[in-house]
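Q: In the working numbering, the protein residues as written are 12 to 472.
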């Protein structure tokens with residue numbers, strides 16, 4: 012790692028943390044959206060033991076939920092506290108990618124630009140603001156990769172322990188992250204082999220460097236055996252072909268909001284990598300997950316592959332600086348003009364996209380079923396319904412989506428009590444709709460949601 016003065020390093024990391032917080036703090040307390048609201052409704056009240064030992068479905072990002080439950084237990088229930096693990100992981104990822112860039116010996120300017128790109132990256136910002144496991148995945152990918160390279164360089168067991176812990180945490184966050192860890196394991200085997208000139212020495216190096224991975228994979232194997240039934244359901248859900256459309260979605264997500272032109276710099280960054288170890292690392296963590304995806308058929312949505320995001324940004328940043336310094340050698344004036352143009356492109360698209368995203372999060376337009384209630388509003392509404400709505404009134408929740416409305420969590424006992432009353436022959440006197448003031452029941456999109464489905468009632472007896 013290049014020597015950098017401690018004073019400058021502190022200033023750089025402080026600046027990166029400030030940037031990360033400044034971009035991720037707005038709308039952190041906005042109402043929960045779609046999948047994160049579903050996760051909150053389904054799992055926030057699930058006992059700790061059940062979260063650890065049972066995998067219910069692919070919406071269960073176990074490690075995130077455990078951290079979120081702990082945050083709520085410590086600080087109370089609110090949107091900000093529920094999302095706190097994602098927010099912290101997102102913020103810490105930005106200085107960590109900078110440190111990883113220095114560790115793999117790309118230039119200081121490239122490492123710094125990669126951190127700035129991470130700060131402006133659309134998927135990274137989006138997932139840092141959502142109560143899901145994707146921001147946590149990105150942070151753990153960086154931590155696992157950093158500790159792997161450090162362990163390979165020094166064989167210190169403090170880094171081996173960090174590697175074991177971060178790797179196991181990755182699969183507790185998303186089981187499909189195992190594919191990335193397999194790529195990292197292939198990297199350390201090949202790197203260990205290339206570092207030794209003699210076969211006997213190579214075997215010794217490979218064995219020594221592989222110990223943390225063997226321990227980690229043993230722990231992962233035990234964990235997967237415990238949650239095996241749930242994993243079978245998840246595999247069935249994601250058992251699909253890797254189509255051209257899905258490949259395009261994955262590739263597009265990783266370079267959002269800038270677009271596919273970023274891959275020109277990415278390709279140049281790969282070509283200009285000076286260290287063989289860096290090229291092996293990149294090829295291992297990209298090719299191995301692709302092969303495992305094709306072999307298993309576990310494809311998933313584009314967001315499943317956010318573990319590639321740090322490497323795309325690192326290599327793209329490296330490519331940018333290589334172009335800049337190559338032009339600088341030829342003509343100083345043109346290089347500065349090129350630099351200003353690239354900076355404008357890198358900032359303009361994110362600024363526009365982020366500003367619109369903040370607006371949409373605040374006005375609820377990201378939710379198909381209209382704006383969601385806040386946790387505070389939902390809690391107060393549940394109390395009001397309990398005190399003011401008779402048992403013979405049917406309650407219909409028409410806000411925030413059929414399953415993603417947080418009212419479901421707070422009012423499920425009220426709704427169940429009334430449904431039980433009617434099922435036992437109780438008289439239905441009134442239907443009470445609970446909706447957001449911005450989307451009354453007559454405007455709620457029931458038909459679009461269920462236009463392709465038919466509701467069939469059992470025959471009367």
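Think of the CB as a built atom: it goes at the ideal place given N, C-alpha and C, for glycine as much as any other residue.
(1) Are residue 108 and residue 324 touching if we call contact CB-CB under 8 Å?
(2) Kindly list the residues whose CB is nearer than 6 Å to the CB of residue 300, restricted to its own chain and excluding five residues on each side of it in sequence; keep chain order.
(3) Quick one: grab the DSSP three-state call for residue 383.
(4) Quick test of your reading: residue 439 and residue 405, contact by CB under 8 Å. State the CB separation rounded to the nearest angstrom.
(5) In chain order, which continuous runs of the alpha helix (DSSP H) of length 4 or greater are located wholly inside the segment 54-121?
(6) Could you check whether the segment 108-127 touches the segment 58-76, counting it as contact only if at least three pairs of C-beta atoms, one from each stretch, sit closer than 8 Å?
(7) To the nearest angstrom, how far is the alpha carbon of residue 24 from that of residue 365?
(8) In three-state terms, what does DSSP make of residue 238?
(9) Using CA atoms only, rank isn't needed, just tell me which of 354, 437 and 139 is closest to residue 331.
(10) Does the Cβ-Cβ distance between residue 65 and residue 232 come in under 8 Å?
(11) Within a Cβ cutoff of 8 Å, which residues of the same chain sit near residue 16, ignoring the five residues on either side of it in sequence?
(12) Can you look up residue 169 in the DSSP assignment and give me helix, strand or coil?
(13) Please tell me whether, using a cut-off of 7 Å, the distance from the CB of residue 355 to the nearest non-hydrogen atom of the ligand MN is below it.
(14) Thinking C-alpha only, which one of 288, 340 and 393 is nearest residue 159?
(15) So is residue 18 buried or exposed if we call it buried at 16+ other beta carbons inside 10 Å?
(16) For residue 306, does the three-state DSSP call read helix, strand or coil?
(17) Output the distance between the C-alpha atoms of residue 214 and residue 282, rounded to the nearest integer angstrom.
(18) Could you tell me whether the segment 291-309 touches the segment 165-180, where touching means 3 or more Cβ pairs closer than 8 Å?
(19) Report the rounded CA-to-CA distance for residue 253 versus residue 316, giving the unit in angstroms.
(20) Tell me whether residue 460 is buried or exposed, calling it buried when 16 or more other Cβ atoms sit within 10 Å of its Cβ.
(21) State the Cα-Cα distance for the pair residue 30 and residue 127, rounded to the nearest angstrom.
(22) What are the boundary residues of the alpha helix (DSSP H) that residue 260 is part of?
(23) Here's a check: name, in chain order, each residue in its chain whose Cβ is nearer than 6 Å to the Cβ of residue 361, leaving out the five neighbours to either side.
(24) Just checking, does the segment 56-70 make contact with the segment 34-42 on the three C-beta pairs under 8 Å criterion?
(25) Looking at C-alpha atoms only, which residue of 32, 22 and 91 is the closest neighbour of residue 385?
(26) Could you check what DSSP says for residue 30 in three-state terms: helix, strand or coil?
(27) Within 10 Å of its beta-carbon, does residue 152 have 16 or more other beta-carbons around it, so buried, or fewer, so exposed?
(28) Would you kindly work out how many angstroms separate the C-alpha atoms of residue 272 and residue 352, rounded to a whole number?
(29) What do you reckon, are the CB atoms on residue 185 and residue 142 nearer than 8 Å?
(30) Taking all protein chains shown into account, decide if residue 375 is buried (16 or more other Cβ within 10 angstroms of its Cβ) or exposed.
(31) Use the C-beta contact count for residue 470: other C-beta atoms within 10 angstroms, 16 or more gives buried, fewer gives exposed.
(32) Quick one: is residue 407 buried, meaning 16 or more other Cβ sit within 10 Å of its Cβ, or exposed?
(33) Any idea what DSSP makes of residue 400, helix, strand or coil?
(34) I'd like to confirm the pairing. Which residues does DSSP put opposite residue 447 in its beta bridges?
(35) Measure the CB-CB distance between residue 397 and residue 419 and report whether it falls below 8 Å.
(36) Using the rule of at least 16 other Cβ atoms within 10 Å of the residue's Cβ for burial, across every protein chain shown, is residue 47 buried or exposed?
A: Reading off the structure:
(1) yes
(2) 190, 191 and 194
(3) coil
(4) 6 Å
(5) 59-64, 73-86 and 90-114
(6) no
(7) 23 Å
(8) coil
(9) 354
(10) no
(11) none
(12) helix
(13) With respect to small molecules bound, the structure shown includes none, and the ligand MN cannot be examined in it.
(14) 288
(15) exposed
(16) helix
(17) 30 Å
(18) no
(19) 13 Å
(20) Interpretation of residue 460 is limited by its pLDDT of 49, a score under 50 that renders its predicted location unreliable; the figure taken from the coordinates is listed afterwards. By the 10 Å Cβ count, residue 460 comes out exposed.
(21) 8 Å
(22) 255-265
(23) 131 and 268
(24) no
(25) 91
(26) helix
(27) buried
(28) 14 Å
(29) no
(30) buried
(31) With a pLDDT of only 49 at residue 470, under 50, the local geometry of the prediction cannot be trusted, and the value read off the model is given with reservation. With fewer than 16 other Cβ atoms within 10 Å, it is exposed.
(32) exposed
(33) coil
(34) 450
(35) no
(36) buried
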